[in-house]
Each structure stands twice: as structure tokens, then as C-alpha cells.
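Asker: Structure incoming, see below.
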Amino acid sequence: MIEYILMIVAVLGAVIALTQRDLLKTAILTGIPGAAIAFLFQFLLAPDVALTQAIVGTAIVPVFFALAVKKTLRMEEE
Amino acid sequence: MIIDPQLGSFFTAGALIIIGLFAALFIDNLIKKVIGLLFIADGVNLFIVTMGYKAGGIVYVFLPGMTVDWFAQNASYPLPFALVLTSIVIGASTLAVMLSLIIILYKKHGSIKASKILGEKGNQTQSKTPGDKI
Amino acid sequence: MSLYDVIINKIKQIQDSDKEGGPVTNITASSTLAAEITLLSSILVVVIMLRYYSNALMVIAVLLVIGIIVFAMPIMPKLKKEQNDSLNSMIFYAILILGIITTLFYWGSLNV
Amino acid sequence: MNPLIPLMVIIPIACALILNLFHTKDRTVKIIAIIIAIILPSIPLFTNYGYHYFGGYAPLIENPALAQGLPVSITASALNVFHPAITYYFGSAQQIFMVVLGIIAFLAILTSLSETRKPSGVYAFLMFMGVASMSAIILTDDIFNLYVFFEIIAVTQVGIVVASKVKGNMETALKYMIIGSIASPLLLLGVALLLGVTGNVNITDIIYSIKTGLVNPQSPVLLMACGLIIFGWLYAAGLPPFHTIKSEIYSRALPHGAALLQAFSVFTLVAIGLIIIKIFAFFPFANVFIVGISVIAMILSITMALMQTDFKRIIGFLAVGELGYIGIGLGLGTAASITAGLFQAINEAIITAFLFIGFGTILYKTRESDIRKLGGIMVEMPKVTLLVLLSGLAMAGVPPLNAFQSKLMLIQSSLSAGVPELGIIMILLSIVTFMTFMKAFYAIYMRPKPSTLKIIDSNIPKATIFSLVVFLILCIILGLFPQIATSYLQPLANSLI
């Protein structure tokens, strides 16, 4: 059952991340689909890929985005 | 009706790819556009991993006590997983390059809207000194 | 006023309306005309290739193209405006072509 | 096993890393870069044809020692002939492609080192890295390996554009990267679908599976894979809808960078195009599509080239337009047309590099690329003008030069394939190509010099003129003796039918 929840979380997380106006929130929320996909990889019998995705998808990529947002604009322009 | 986890996973991958394409096409903010591209890459990775999945199978580690035939029938298919590892790393690195270019362009134009800084412009290029150091 | 003058004036008018291109010289106008003629003649030749599928389709397509030529004469300035350097239009065309390719290959190939 | 085959990829990568280390040490960078650049085209000349298996894992059928202990269920099945390792194949066609790529890389690097006052280790790093990944794309027989190097070459191209100081280069680089990030995951998806259907990433094995009926060729998933790989191919080669971004990339790079970038596009087009027509040979619609998109590429790019005012953009669009000829050759699918298309690819790579470096001398002298502000350069440098004129004649296909031979072969093969319309379009568009070239040439060289134009008082470096002369000699040799190239290409074309 947990895998279906993860699938829904991945898709919803992606949508929610893209609909934020605060780009910093967007950057942090990017980690949610990343983490959900990492768990899904574990469920799909690929533990090594899950480890890599857990590091890259939930830590490195959101930090990249957060740094980019810090260097540019916090709020989305009109 | 409950769908097969593998099929559900394929649908998730497809949904992520479509969300990514939608974001790349319709969102004008460059950072969100790049996030959309990340979702495309994630969706493709999920798709590939799902292909190697075997319902009711085991992780592809050969433990003592298994016979070769039993292992071949029950283990998941590891080749796609090896590909995905490479693809995740490539995705993260191209992402870093794109974000650094966005930061440079923000310093130049003061905006991160695609229609403003990557919009329609004249086609003239003017070379500064090509002899200068890079 | 001959037909040539009519077309050249129209091209100059259209190019004057977008200020970014700089001054309209005779070279730009005549090269637009040359591009226009190249485009039309090569499209006509391409359309003739439809005869491998069906002769009737070819006749209809040729007539259609000739009709477009007559009614929308300076096509090239519009086409140039369409193929601009804006990221959003590039992505739009990329995804449009992706859609066309997937449709053609996934469904079209089963029955062709 | 052939130890020289991986060296074609390893040497440029190693050299690239070393050059990056020696950044700011100008003399060292210059010497190392030139020595390695001379070595590059000469390795393929001394390499024997054959396969290289990374890690030494040959197929079981060639490896009886390993096959001994295995159960019959493996050795009796198709697994016996499958390739377990990443495989590189080096044949006669690969040999001539590698030599031409090596020569273009050598001349581009030589020109860049002599035209820049301070040679940059980083720029040389990018050039060598690009050459390495291009070699891998030409040599590889493994479709995932191809994807990896496809990504590396995309980043390298962005790097070459970013490293030029041309106005607007960052914007172009970001655009190219964003569009690339849409196209390359979809190429990967195509690769994944192929892997899912056939369980294999080795091209030879995929073809084997399809031919022997292990896989149903009419499976819609396979056709979808074909579509997605073709989409990635369009991006890599710069055919429509990517012709605008590709020509922009050329125009925002330095001339020697652009010469190398167009060589990358040409060879990627050939390498991935060959893979498509090899794997999907059972599917005639793929060939029709390739011909169609090539014709559209020719028409759109050449008409757009006529409308431009920046000469770098004009050559950029012409370069994309010429790619259409190669696509037509590959798509027609007869042995003669594929040979002609591959020969046209070689000629196109040489001639466009010739044009970019030739017109680059104007940038060197005036720092100006808008043809409306240029004029009267012929008086300044008559010898270079003659060379540039010859390059334009070569591109248009004037008899003693090489493109004449390949275009003639293409037109003949289109006639014998029963599609005379393609021949007519090719003739028409090569005339218009020449007209576009002459328009730029007249405006830059022959018109009286505008009073606002400042010409910088420095001589064209000897190395640039040397490069141009080498390109001209190559054009004349291939034009007079086309069988030098075609004899290498024919075996590949015949094997595809």
C-alpha cells in the first residue's frame, strides 16, 4: 500500500512545488518528489539507486536550488 | 480496482514527465523551468527503474545458498539500475551548470524571467576582442 | 505598377514595421524576395512528392499551395518572425514536434 | 582486441585534464596542445580494424574458456553471441571519420592557439573533451554509452560558447542547455524503451534480436522508441525545430570554436542517423521521416540564411541547411545514397570548418560581424579573400572541389531511387546556397569600405592561413579523387542494406 501513497506524494509534491510563489519554498519542496522517488526505487528492488537518489534528490538538488534562489530573486516576478 | 505497482509506477513516471514538459513550456520563471526539467529527468529515471522491477522478486544480490537458476528467475534486472545511476549524476551536474548560468544572467539583467532575458532580440552579434584571455 | 514593385513595396512595409532589423536596404528587400521564391518553389516540388501516396491528394495539395501563394504573398517575413531566438517559442516548437513525432510513430505507423 | 581503439578516446580526455592543470602557463599549454593535436588524426591511421571489448569481456562464442563451465541453457541460446561488455567497433568508415575529425580538431586548435594572445587551458580542455566524446560517439556500439557521451558533448558545446567573449553568449548557452535538457532525457527514454523491449543496450545485439524474431518488430513500444531516438537525433544534429538554436550556437562561438562545433553536429548526425537506420531498418516510415525532416531543414535554414545580416549567423544557417543533404542520403536507404550521404558528411565537415575559419579572419581584423557595416576587406587581405571565395565555391558544389562530387552522387542516387524531385530540390537549394554566400561575400569584400569601419592593424597569423590552405588542399584532393573517401565508406553502406 505504501508504494501507492509514495506515487501520489511524488506527483502531488511536484505540482505543489511548482505552484509556490516563494521560490525558496519551491526549492525546498523539490526535495519531496525526490525523496518519494528514492523510496519508490527502494520498493522497486533497486537499493543502490535509491541511495544515490536519496542523496542527490533530497539533499544536493534542493540545496543547489536554494543557493540559486539566494543569489537571485526570492519571490517570483510578475 | 487496484492497479499493479509496476503499472502505477509507469503512470507516475509519465505524470512526472508531463508535469515537467508543462513547466518547461508554460512557466516563465527560469528557476521553475529548470525544476520542471529536473522532473522530466526524474520521471525518465523512474521509468527505467520500473522496467527492471520484477513483481515478487528479490534484490539482485547473489547470496550463498541460492542456485543460479532460481536467482535468474527471481532477481530484478540490474542493467537498467546501472544506467540510472549514471543518469542521476549527469542530471545533477547539468542542473548545476544551468543554475550557475542563471545566476550570471541575473547579475547581468536583474531578472530571471525567460521572456525578458532570453526573449526575442536582434540577431546581431558583436564580437569583443576574441584575442583576450578567457 | 508592375507586380514586382507591389511585392517589393509590401516586403519593405512589413520590414519597416519591426524596428529591430535596422534600415531596410535594397539588398535586404531583394534577398527577402529571393528567399520567398525559393521557399515557394521548393515547397511546390515537395508537394509533388505526394504522388507516391495518392495522385488526387497531390493535385489538391498543389492547388492549396498555389492558393496560399496568391493570398499570403510575403510569407518569408512572417516565417522569420516565427523562427525567432526566443526561448519560449523554441521550447514550444520542440514540444510540438515531439508531439507530432510520437503521434506519427505510435499511431500512424500501425495503419500506414 | 586492439589496444589503440580506446586510446582514441583516452588520449584527448587525458590531454584535456592535463591542459586544465596548466592553465595560465601559456607555453606549456601551447606545446602540449599542438603535440596532442598532431597525434589525434594519426592514431586512426595506424589502428587495425576490429572490436574492442572494455574489460576484455568478449562474447561467449569468442571466449571458450569462460563458456566451458556454463549450463547449456546459456550457451545454446542467443546469450552466446551477445556482447556483455561496452563494445567499440572500428571499421573503415570509422577510420576516415576519425581522421577527418582529427584534422579539423588539429586545425581548429592550432588556429585558436595562434589567434588568442593568451592561450587558455580551459578552452583547450573543452575542445579536447569535445573531440574525445565525439570519437566515442563515432566508435561506440553501445547505445547507452552513446547517451552518456551525448550529454558530455552537449555540456562541452555549452562550455565552448560560454568561453567565447561574444556578446549574448551566456543567454545562448542557457537556451541550448535548457532545450538540451528536454531532448536528452527523451533520448534516454527511447534508449530505455529499446532496452525494455530487447533487454539489451548493444546495437549489434538489438539488431540480432529484431532480425531473428526474438522481438516482435511491430511492437508499438519499439516504434515509440524509434520516435524518441529520432527526437534526440534532431536535437543533436540541429535539424528543425532545433535549427534556430543550433545556428545561434555557431554564431555565438569564436570562429575556431564554431568550426569544431559544426564538425560535432555533422558527425553526431551521421553516427546516430546510422544507428537509427540500422536498428529500424524493418520500419520504412523512419526513412520517410528522415528524408522529410531533412528537406524541411534545407528549405527553412537556407531561406533563413538569406534573411540574416550577421555573417556568422548566415554560415550557421547554411551549415544546418547542408546537413539536410546528409539526411537525404541516409534516408533514401540505397547503398549508393548512403555512401553519397556519408561522403557529403565528410565534405560538409571540412568545408564548413573552412568557411568559419576563413570568415573568422574578418572578425580578427575588424571585430565586426554585421555585413551592413562591413566592406572593402578585399584590399586589405587579397590572399585570404581568394581562399574564402574558394570555400564558398566548394560549399556550392563547383566542379573541381569536393562537394561537387558528393552532391552529384546524391542527385544520381535520388534519380536512381526513383525520387527525381529530391534531386531538383537539392540542385535548387545549392544554387540558393551559393547566392547566399555571394551576397555575404559581396557585402564584406567587394563593396566600397564604409568610413565607420575600423581595421585593426595586425597581420593574420600564419597558422590561420596554413589551416585554410590545408582545408583547400583537402577539398581539391577529395574533389579530384573522390574514391579515396568512398572506398572507405562503401563497405559500411553495403553492410546496411
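Protein chains in written order, with this note's numbering: chain W, 1101 to 1178; chain X, 35 to 168; chain R, 146 to 257; chain L, 4 to 500.
Beta carbons: idealized from backbone N, C-alpha and C, even for Gly.
Since this is a predicted model, take the numbers as computed values, not measurements.
(1) Cβ closer than 7 Å: which chain R residues qualify as neighbours of MET148/X?
(2) Looking only at its chain, what residues have a beta carbon closer than 8 Å to the beta carbon of LEU117/X, apart from the 5 residues adjacent to it on each side?
(3) Do you know offhand how far PRO164/X's Cα is from LEU257/L's?
(4) DSSP three-state call for ASP313/L: helix, strand or coil?
(5) With HIS86/L as the anchor, note down where its beta strand (DSSP E) starts and where it stops.
(6) For chain L, is any of its Cβ atoms less than 7 Å away from the one on LEU178/R?
(7) From ASN497/L to GLU383/L, what distance separates their C-alpha atoms?
(8) Chain R beta carbons: is any one of them nearer than 7 Å to that of LEU152/X?
(9) Tell me the rounded alpha-carbon separation between GLY171/L and THR439/L.
(10) So, for GLY344/L: in the same chain, excluding its five sequence neighbours on each side, which residues have a beta-carbon less than 6 Å away from its beta-carbon?
(11) Which residues, in chain order, does the segment 174-190 of chain L contribute to contact with chain X at a C-beta distance below 7 Å?
(12) Residues of chain X with CB under 8 Å from VAL1163/W, in chain order?
(13) In the DSSP assignment, the beta strand (DSSP E) including TYR56/L goes from what residue to what residue?
(14) By Cβ distance, which residues of its chain are closer than 7 Å to PHE96/X, with the 5 residues on each side in sequence left out?
(15) Per the DSSP calculation, LYS174/X is bridged to which residue(s)?
(16) Would you check if the distance between the CB atom of THR355/L and the CB atom of GLN221/L is smaller than 7 Å?
(17) Which full runs of the alpha helix (DSSP H) of 4+ residues lie inside the segment 64-129 of chain L, going along the chain?
(18) When we look at the beta-carbon of LEU358/L and count the other beta-carbons within 10 Å, is it buried (16 or more) or exposed?
(19) So who's on the other strand from ILE92/X, going by DSSP bridges?
(20) Classify ALA201/R: buried if its beta carbon has 16 or more other beta carbons within 10 angstroms, exposed otherwise.
(21) What residues from chain X crowd round ALA195/L, counting only those whose CB sits closer than 8 Å?
(22) In angstroms, rounded to a whole number, what distance separates the CA positions of VAL401/L and ILE414/L?
(23) One question on the structure: do THR1152/W and ILE122/X come within less than 7 Å of each other, judged by their Cβ atoms?
(24) Compute the distance between the beta-carbons of THR201/L and ILE210/L, then report whether it is under 7 Å.
(25) Given that LYS67/X touches chain L, what residues does it touch there, using C-beta distances under 8 Å?
(26) Taking DSSP's pairing of strands, which residues face ASN205/L in a bridge?
(27) For MET235/R, which of helix, strand or coil comes out of DSSP?
(28) If the cut is a Cβ gap below 8 Å, which residues of chain W does LYS88/X touch?
(29) Below 7 Å on C-beta distance, what does SER121/X contact in chain L?
(30) What would DSSP say about MET100/X, mapped onto helix, strand or coil?
(31) Can you say whether ASP38/X is buried or exposed, counting buried as having 16 or more other CB atoms within 10 angstroms of its CB?
(32) Considering just the uninterrupted stretch of the alpha helix (DSSP H) at GLU383/L, what are its terminal residues?
(33) What residues of chain R sit near VAL298/L, judged by a beta carbon separation below 7 Å?
(34) Is it the case that the Cβ atoms of LEU133/X and ALA1168/W are separated by a distance below 7 Å?
(35) Grab me the residues of ALA1166/W's own chain with a C-beta within less than 8 Å of its C-beta, minus the 5 sequence neighbours each way, in chain order.
(36) Would you mind giving the Cβ-Cβ distance between ILE185/L and ILE136/X, rounded to the nearest angstrom? I have them listed as a contact below 8 Å.
Answerer: With the given structure in hand:
(1) It should be noted that the sequence gives Ala, not Met, for residue 148/X. LEU232, ASN233, listed in chain order.
(2) Sequence-distant Cβ neighbours of LEU117/X in its own chain, meaning closer than 8 Å and more than five residues away, are ILE82.
(3) The predicted position of PRO164/X is uncertain, since its pLDDT is 43 and thus under 50; a value taken from the coordinates is nonetheless stated next. Each residue's Cα considered, the two are about 7 Å apart.
(4) In the three-state reduction of the DSSP assignment, ASP313/L falls in the strand class.
(5) For HIS86/L, there is no enclosing beta strand (DSSP E), as DSSP marks it with neither H nor E.
(6) no
(7) 49 Å
(8) Any Cβ of chain R closer than 7 Å to the Cβ of LEU152/X would place that residue at the interface, and such an atom is present.
(9) 25 Å
(10) ILE329, GLY332, LEU333
(11) GLU174, ALA176, LEU177, LYS178, MET180, ILE181, SER184, ILE185, PRO188
(12) Going along chain X, no residue has its Cβ under 8 Å from VAL1163/W, so there is no contact; the nearest lies around 11 Å.
(13) 53-56
(14) Contacts found: PHE105.
(15) Residue 174/X lies beyond the stretch modelled for chain X, which goes from 35 to 168, so this question has no answer here.
(16) no
(17) 67-70, 75-78, 95-118
(18) buried
(19) ALA109/X
(20) Exposed, because fewer than 16 other Cβ atoms sit within 10 Å of the Cβ of ALA201/R.
(21) VAL78, PHE81, ILE82, MET85, PRO114, LEU117
(22) 14 Å
(23) yes
(24) no
(25) ILE181
(26) DSSP output for ASN205/L lists ASP145/L as bridge partner(s).
(27) In the three-state reduction of the DSSP assignment, MET235/R falls in the helix class, which pools H, G and I.
(28) LEU1145
(29) LEU191
(30) DSSP places MET100/X in coil when its eight states are reduced to three.
(31) exposed
(32) Counting along the chain, the unbroken alpha helix (DSSP H) around GLU383/L starts and ends at 380-383.
(33) VAL191
(34) Yes, the pair counts as a contact, with Cβ atoms nearer than the cut-off.
(35) In its chain, beyond the 5 residues on either side, LEU1124, ALA1127, ILE1128 have a beta carbon closer than 8 Å to the beta carbon of ALA1166/W.
(36) No, ILE185/L and ILE136/X are not in contact; Cβ-Cβ is about 16 Å, not under 8 Å.
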